[in-house]
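Be aware that the sequence shown starts at 1, since it is given in our numbering, and climbs by one per residue. For every residue, glycine included, the Cβ atom is placed at its ideal position computed from N, Cα and C. Inspection log for the structure reproduced underneath, given as structure tokens.
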Amino acid sequence: MPESVCPLCGHKGSPVPFREVKERALKPCGHEVPEGQYYRCPNQDCPVAYFGPLALSYRDLKEDEVK
């Protein structure tokens, strides 16, 4: 599966800067957010917000992050 495809729903993601993911992730979100290329899942019904080296759900993000 190409790395730009959501591992849960299979939709093609849009690239986002690592800085954006790191700033929005809860501290801690259960693990350290590894550096790398991340993508935002465009599927509104998918619980995955960002994916890349690590998949982050909306529960892993700060409350100001809305779906």
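- In the structure shown, residue 48 falls within a strand segment according to DSSP collapsed to helix, strand and coil.
- With contacts defined as CB atoms closer than 9 Å, residue 59 and residue 47 qualify as a contacting pair.
- For residue 40, the uninterrupted beta strand (DSSP E) run begins and ends at 38-40, by DSSP.
- In the structure shown, the three-state DSSP call for residue 5 is strand.
- One thing to note: residue 36 has its Cβ no nearer than 9 Å to the Cβ of residue 17.
- With a 10 Å radius around the Cβ and a threshold of 16 neighbouring Cβ atoms, residue 13 comes out buried.
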